[in-house]
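Asker:
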Amino acid sequence: GAVVSQHPSWVICKSGTSVKIECRSLDFQATTMFWYRQFPKQSLMLMATSNEGSKATYEQGVEKDKFLINHASLTLSTLTVTSAHPEDSSFYICSACRTVETQYFGPGTRLLVL
Amino acid sequence: SQQGEEDPQALSIQEGENATMNCSYKTSINNLQWYRQNSGRGLVHLILIRSNEREKHSGRLRVTLDTSKKSSSLLITASRAADTASYFCATSGTYKYIFGTGTRLKVLA
Chain B
1 GAVVSQHPSW VICKSGTSVK IECRSLDFQA TTMFWYRQFP KQSLMLMATS
51 NEGSKATYEQ GVEKDKFLIN HASLTLSTLT VTSAHPEDSS FYICSACRTV
101 ETQYFGPGTR LLVL
Chain L
1001 SQQGEEDPQA LSIQEGENAT MNCSYKTSIN NLQWYRQNSG RGLVHLILIR
1051 SNEREKHSGR LRVTLDTSKK SSSLLITASR AADTASYFCA TSGTYKYIFG
1101 TGTRLKVLA
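For the record, the sequence lines run as chains B and L. Residue numbers for the first sequence follow our numbering, so the first one is 1 and each next one is one higher. Residue numbers for the second sequence follow our numbering, so the first one is 1001 and each next one is one higher.
#1: For L:Asn1031, which residues in chain B fall below 8 Å Cβ to Cβ?
#2: So, at 8 Å on beta carbons, what are the nonlocal neighbours of B:Val62 in its own chain, with the 5 sequence-adjacent residues on each side left out?
#3: Which residues in the same chain as B:Phe28 place their Cβ atom closer than 6 Å to its Cβ, once the five residues preceding and following it in sequence are excluded?
#4: Comparing alpha-carbon positions, which option in L:Tyr1095, L:Thr1091 and L:Lys1106 lies nearest L:Tyr1035?
#5: Three-state secondary structure (DSSP) at B:Asp65?
#6: Could you say if the region 1020 to 1038 of chain L and the region 69 to 88 of chain B meet the contact criterion of at least three C-beta pairs nearer than 8 Å?
#7: Determine, for B:Gly16, whether the minimum Cβ-Cβ distance to residues of chain L falls below 8 Å.
#8: Kindly confirm or deny that the region 1011 to 1022 of chain L and the region 1064 to 1076 of chain L touch, where touching means at least three C-beta pairs closer than 8 Å.
#9: So which of L:Gly1100, L:Thr1101, L:Lys1096 and L:Tyr1087 has the shortest CA-CA distance to L:Ser1039?
#10: Check whether the region 1055 to 1065 of chain L and the region 58 to 73 of chain B touch, using three or more Cβ-Cβ pairs below 8 Å as the test.
#11: Got a sec: which bits of the region 1082 to 1100 of chain L sit with their beta carbon under 7 Å from any beta carbon on chain B, in order along the chain?
#12: Identify whether B:Glu22 lies in helix, strand or coil by the three-state DSSP scheme.
#13: Looking only at its chain, what residues have a beta carbon closer than 7 Å to the beta carbon of L:Glu1017, apart from the 5 residues adjacent to it on each side?
#14: In chain B, which residues lie less than 8 Å from L:Arg1041 when you measure between Cβ atoms?
#15: Below 7 Å on C-beta distance, what does B:Ser25 contact in chain L?
#16: So what does DSSP say about B:Asp27, is it helix, strand or coil?
#17: Using the three-state DSSP reduction, which class does L:Phe1099 fall into: helix, strand or coil?
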């Protein structure tokens, strides 16, 4: 099956720093990728839709200036958590759309902000 | 985004028993998918059912979809300890997938 990777798999950073998370589709091109956030024992919450070559579409309540998304190529989308704070600590998961029906998920990135 | 509701929130059964999880959603959909997530890990796709389908099988999994009631169920037969995980439904109207609240399943050996 298709493979989507995320890097890093986990990161610990100090409050106030920025963290970049990469999402790559390894064997297919994805014009659309999604970013989700998951808090412990909760479901995945869609943060934004990342479209190659255009601006990301953010869900209601998600600060676009805090969570910067760049989808510069058909195989790479990045999420940058700017000026991270402890409340941003979470599990971030990306997915890449191969077709309208087929969405492949990355393994996730665990962020801990101290 | 509006999440779907799943029930039960948690389910504990003995190995060999069947496990049933239900998912309700709010808007019209093109398809509904079920995923499994082991603790702290990524998502594993289990099964996709389209809006014009009523039932689908995959191994020990059986999924039903009732679009009139905006609900779906996932049945795992002859459960195993390895089935212990969280299970999520996800609905799609267009490209976006909206996840349900999830059911935490524990299968006791």
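Glycine included, every Cβ here is placed at the ideal spot set by N, Cα and C.
Answerer: Reading from the atomic positions:
#1: Glu101
#2: Met47 and Ala48
#3: Ala2 and Arg98
#4: L:Thr1091
#5: coil
#6: no
#7: no
#8: yes
#9: L:Tyr1087
#10: no
#11: Phe1088, Tyr1095, Lys1096, Tyr1097, Ile1098, Phe1099 and Gly1100
#12: strand
#13: Ser1079
#14: Pro107 and Gly108
#15: Near B:Ser25 there are no residues of chain L at all, since even the closest Cβ is about 14 Å away, more than 7 Å.
#16: coil
#17: strand
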